[in-house]
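Numbering (the numbering used here), first residue to last: 952 to 1009.
For every residue, glycine included, the Cβ atom is placed at its ideal position computed from N, Cα and C.
These notes concern the structure reproduced below.
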């Protein structure tokens, strides 16, 4: 989990592969009426630009 402060401000998911510091993508989710309307996996904004929360699944 993370937060973006520029470009698309708000919460996001930061995707890593193999190691938690090997960041590969940012996932942005748009919600309307308590339902997911859109999910975008992006290289821009860079996952390195997100402020990570330190919360990891599992």
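A buried status is given to residue 1001, since no fewer than 16 other beta-carbon atoms sit within 10 Å of its beta-carbon. Counted as a single uninterrupted DSSP element, the stretch harbouring residue 1004 is not any beta strand (DSSP E), since DSSP gives it neither H nor E.
Counting C-beta atoms within 10 angstroms of its own C-beta, residue 965 has 16 or more neighbours from the protein chains shown and is therefore classed as buried. Around the beta-carbon of residue 1004, fewer than 16 other beta-carbon atoms lie within 10 Å, marking it exposed.
Pairing residue 974 with residue 1008 gives a Cβ-Cβ distance that is not under 8 Å.
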